[in-house]
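The block underneath contains the structure these notes are about, expressed in structure tokens.
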Amino acid sequence: DFRDATVLTIAHRLGTVLDSDRIMVLSDGRVVEFDTPRNLVKDENGVFYKLAKEGGYLDKLL
269 DFRDATVLTI AHRLGTVLDS DRIMVLSDGR VVEFDTPRNL VKDENGVFYK LAKEGGYLDK
329 LL
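The working numbering puts the first residue of the sequence shown at 269, with every later residue one more than the last.
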């Protein structure tokens with residue numbers, strides 16, 4: 269039970285982290301986005317949006 273814990277998950281498959289409270293997106297070793305999955309997919313120019321679209325996850329998040 270991790271209800272009251274901070275869990276750091278590093279994943280290559282987006283589906284692994286979609287249920288997370290917050291997602292930190294890294295690009296070239298830098299944090300480029302940090303927010304809830306639902307907020308991240310609102311930015312159609314964002315890295316997370318592009319990954320979600322390519323992976324077919326937009327329907328689950330919108």
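Quick reminder that beta carbons are idealized off the backbone N, C-alpha and C, glycines included.
Euclidean distance between Cα positions of residue i and residue j
i	j	result
Ala320	Asp269	27 Å
Ala279	Leu286	11 Å
Arg271	Arg306	20 Å
Val299	Asp327	25 Å
Thr277	Val309	19 Å
Asp289	Val275	10 Å
Buried/exposed call for residue i, threshold 16 Cβ in 10 Å
i	result
Phe302	exposed
Residue i - partner residues in DSSP beta bridges
i	result
Ile291	Asp303
Arg298	Ser295
Helix, strand or coil at residue i according to DSSP, with G and I counted as helix
i	result
Thr277	coil
Asp327	helix
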